[in-house]
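K.L.:
Provided herewith is a single structure, encoded as structure tokens, for subsequent inquiry.
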Amino acid sequence: MITPAFHLSILEQYIDCFEVNGRILIEQLEKELDKDSVDIYPYISLYTLDVICETAMGVSVNVQKNKNSKYVKNIQQLCEVLFNRAFGFLKRFDFFYNFTIDNYKELKALKEIHSHTNSVIDARRKELEIKPKTEIGIVKDDLGRKRKMDFLDILLQSSIDGEPLSREDIREEVDTFMFEGHDTSSSAISFTIFLLANHPEVQMQALKEQQNIFCDDITRNATYNDLQAMKYLELVIKESLRLYPPVAIIGRSTNKDVEFK
273 MITPAFHLSI LEQYIDCFEV NGRILIEQLE KELDKDSVDI YPYISLYTLD VICETAMGVS
333 VNVQKNKNSK YVKNIQQLCE VLFNRAFGFL KRFDFFYNFT IDNYKELKAL KEIHSHTNSV
393 IDARRKELEI KPKTEIGIVK DDLGRKRKMD FLDILLQSSI DGEPLSREDI REEVDTFMFE
453 GHDTSSSAIS FTIFLLANHP EVQMQALKEQ QNIFCDDITR NATYNDLQAM KYLELVIKES
513 LRLYPPVAII GRSTNKDVEF K
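In terms of the numbering used here, the sequence shown opens at residue 273 and continues consecutively.
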């Protein structure tokens with residue numbers, strides 16, 4: 273159902289989104305240049321949230337510049353609560369957890385997050401109802417210009433057994449995509465930067481590759497072909513994922529006996 277959202281022809285259209293938000297990230301990091309060290313994760317977390325909101329829901333929240341955003345605070349609150357519950361033995365049991373302040377914080381944050389997502393879904397559904405759909409992967413904005421079809425657009429146009437997805441179904445998919453993508457991407461990027469900082473010889477090699485690709489115009493926007501040429505950087509990222517996988521454990525259950533020899 274969601275596979276079309278990850279087709280290369282659609283993902284390529286988001287390079288500009290990555291570029292714009294990446295430049296904002298650089299501006300924010302430049303403020304830390306006079307420090308000996310900096311915690312990179314909060315900056316990367318806001319960057320990935322900006323990107324995911326725009327690519328998943330087609331909404332620009334600009335959290336890198338507006339750190340006091342209510343939506344951002346609710347997401348951060350929910351992540352903190354879920355982390356605490358994962359490592360709190362008694363909190364793993366609903367009976368005990370329901371009496372904690374964390375449960376209250378979780379329900380409050382979820383209510384506001386769902387309210388925000390619902391409002392975006394309702395607005396986009398109305399937009400799609402009154403505007404004709406053009407070719408796959410493209411819809412039109414208020415001025416009739418083509419714009420990217422995001423994850424939410426595809427969900428709104430999807431159906432199961434001929435019936436369109438309900439608002440609750442779509443909201444669950446969007447929220448799952450938001451949390452899964454935001455957290456894992458933030459961790460992966462942060463660990464990659466951490467490893468580059470601790471291995472200057474690798475960092476220099478990655479920098480030389482960028483200089484060879486961009487030549488004398490290092491400030492120009494990256495293209496899809498540029499990304500395809502970053503072979504060494506790709507290896508760096510893969511090695512980082514091997515050493516520090518964002519999802520280190522995958523649950524599995526056996527449905528039949530297995531005999532080890």
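Just so it is clear, CB atoms sit at the ideal spot from N, CA and C, and this is done for glycine as well.
Please look up how many angstroms separate the CB atoms of residue 313 and residue 512, rounded, as I've assumed it's under 8 Å.
P.N.:
Your numbering for residue 313 matches position 41 in the sequence shown. Your numbering for residue 512 matches position 240 in the sequence shown. Wrong, their Cβ atoms sit about 14 Å apart, outside the cutoff.
K.L.:
Using a 10 Å radius around the Cβ and a threshold of 16 neighbouring Cβ atoms, would you call residue 347 buried or exposed?
P.N.:
On the sequence shown, residue 347 is found 75 positions in, with the first residue counted as 1. By the 10 Å Cβ count, residue 347 comes out buried.
K.L.:
Grab me the residues of residue 294's own chain with a C-beta within less than 8 Å of its C-beta, minus the 5 sequence neighbours each way, in chain order.
P.N.:
Mapped onto the sequence shown, residue 294 falls at position 22. Here the set comprises 319.
K.L.:
Classify residue 385 as buried or exposed, calling it buried when 16 or more other Cβ atoms lie within 10 Å of its own Cβ.
P.N.:
Taking the first residue of the sequence shown as position 1, residue 385 is located at position 113. By the neighbour-count criterion, in which 16 or more other beta carbons inside 10 Å mark a residue as buried, residue 385 falls on the buried side.
K.L.:
Helix, strand or coil for residue 445? Go by DSSP, reduced to three states.
P.N.:
Counting from one through the sequence shown, the residue named residue 445 turns up at place 173. Helix, per DSSP.
K.L.:
Mind checking whether residue 447 and residue 327 have CB atoms under 9 Å apart?
P.N.:
As a working note, residue 447 is residue 175 in the sequence shown. As a working note, residue 327 is residue 55 in the sequence shown. No, Cβ-Cβ distance for residue 447 and residue 327 is not below 9 Å.
K.L.:
Which residue wins for smallest C-alpha separation from residue 380, given the options 361, 345, 399?
P.N.:
Here residue 380 refers to the residue found at position 108 when the sequence shown is read from its first residue. Comparing Cα-Cα distances from residue 380 to each of 361, 345, 399, the minimum goes to 345.
K.L.:
Just to confirm my understanding: we take residue 357, look at its own chain, exclude 5 residues before and 5 after, and list those with CB closer than 6 Å. What are they?
P.N.:
As a first step, residue 357 must be located in the sequence shown, where it is residue number 85. Taken in chain order, the residues that qualify are 363.
K.L.:
If we ignore side chains and look at the alpha-carbon of each, how far apart do residue 427 and residue 377 end up?
P.N.:
Your numbering for residue 427 matches position 155 in the sequence shown. Your numbering for residue 377 matches position 105 in the sequence shown. Those two C-alpha atoms are separated by around 29 Å.
K.L.:
So, is residue 443 buried or exposed, given that buried needs 16 or more other C-beta atoms within 10 angstroms?
P.N.:
In the sequence shown, residue 443 corresponds to position 171, counting from 1. Residue 443 is buried by the Cβ-count criterion.
K.L.:
Would you tell me roughly how many angstroms separate the C-alpha atoms of residue 453 and residue 486, rounded to the nearest one?
P.N.:
For the purposes of this step, residue 453 is taken as the residue at position 181 of the sequence shown. For the purposes of this step, residue 486 is taken as the residue at position 214 of the sequence shown. Going by the C-alpha atoms only, they are around 29 Å apart.
K.L.:
Go through its chain and collect everything with a Cβ distance to residue 519's Cβ below 8 Å, but skip five positions before and after it.
P.N.:
Here residue 519 is taken as the residue at index 247 of the sequence shown, counted from 1. Only 456 meet the Cβ criterion.
K.L.:
Measuring CA to CA, which of 291, 467, 533 is closest to residue 514?
P.N.:
To locate residue 514, count along the sequence shown from 1; it is residue 242. Residue 514 has its Cα closest to that of 467, out of 291, 467, 533.
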